[in-house]
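See below for the structure under consideration.
Numbering (the working numbering), first residue to last: 189 to 437.
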């Protein structure tokens, strides 16, 4: 009998700890499927961040390094430069990458480091209880913005792909989502391109995945997917924000 569906080899048998409806698990699977398909499991090194995805070192069946909060791109830079033959990726949330790790992210892109960043944007601090994040939408209610994010006092959300598109060293930037089958397929295609570019030595890639956090949004998983589609995607439009090699072609 032909096998039509199975767990990727690049995932361990550990049970994921994520809340019901959280889309981290989908993103994990897509990254693992790409690692399998490219045949790079034996030389891949993942950098775990601080946040809900901190335990990704238990889930990816590749060598993993735990980074301090926000420092994953810097750690990835060191790992890649020390062992250029390795395929190095970071897996980070918005509180990690777009807050305390903003400088590491921007300067890794500016240097054109040959690494891959998987950036999960759920517009909130998940692990620590649902505080406002750099990506929280204007007017969005969180534990620390109970009346909605007020842009007059705390500023506007940080749009990472748009920001990095102006950085000369960045090679490939795309924003995707995993809220339906069509978008999941597009997300996998983007993640695969990012890893492929790294294997070809083409430089810095970041894939931003617009995601849900039903628990801290105070919604059911179904309503969270609907809220993402109606609110997050209009504010964070999906698509390719930079692809040096496609532009050259």
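C-beta: ideal position from N, C-alpha, C; glycine also.
Contact defined as beta carbons within less than 8 Å: I believe residue i pairs with residue j. What is the distance between those atoms, to the nearest angstrom?
i           : j           : result
residue 429 : residue 363 : 7 Å
residue 300 : residue 258 : Not a contact, Cβ separation roughly 20 Å.
residue 333 : residue 323 : So it is not a contact: roughly 13 Å between Cβ atoms.
residue 246 : residue 311 : Not a contact, Cβ separation roughly 25 Å.
Could you compute how far the alpha carbon of residue i sits from the alpha carbon of residue j?
i           : j           : result
residue 358 : residue 270 : 21 Å
residue 220 : residue 382 : 13 Å
residue 329 : residue 294 : 28 Å
residue 277 : residue 223 : 11 Å
residue 348 : residue 424 : 9 Å
residue 361 : residue 379 : 10 Å
residue 284 : residue 315 : 11 Å
residue 196 : residue 248 : 10 Å
residue 339 : residue 403 : 24 Å
residue 287 : residue 260 : 13 Å
residue 350 : residue 189 : 47 Å
residue 399 : residue 405 : 12 Å
residue 356 : residue 297 : 8 Å
residue 272 : residue 265 : 10 Å
residue 335 : residue 327 : 7 Å
residue 331 : residue 365 : 25 Å
residue 194 : residue 226 : 17 Å
residue 371 : residue 256 : 31 Å
residue 275 : residue 204 : 24 Å
In three-state terms, what does DSSP make of residue i?
i           : result
residue 423 : helix
residue 234 : strand
residue 358 : strand
residue 309 : strand
residue 280 : strand
residue 331 : coil
residue 319 : coil
residue 206 : coil
residue 218 : helix
residue 275 : strand
residue 225 : helix
residue 252 : strand
residue 428 : strand
residue 344 : coil
residue 325 : coil
residue 417 : helix
residue 269 : helix
residue 396 : strand
residue 364 : strand
Taking buried to mean at least 16 other C-beta atoms within 10 Å of its own C-beta, is residue i buried or exposed?
i           : result
residue 376 : buried
residue 343 : exposed
residue 396 : buried
residue 321 : buried
residue 230 : exposed
residue 307 : buried
residue 385 : buried
residue 250 : buried
residue 292 : buried
residue 317 : exposed
residue 427 : exposed
residue 208 : exposed
residue 309 : buried
Are the CB atoms of residue j and residue i within a distance shorter than 8 Å?
i           : j           : result
residue 252 : residue 236 : yes
residue 417 : residue 367 : yes
residue 206 : residue 244 : no
residue 305 : residue 393 : yes
residue 390 : residue 433 : yes
residue 267 : residue 238 : no
residue 214 : residue 387 : no
Any beta carbon of chain D sitting closer than 8 Å to that of residue i?
i           : result
residue 347 : Among the protein chains of the structure shown there is no chain D, as only one such chain exists.
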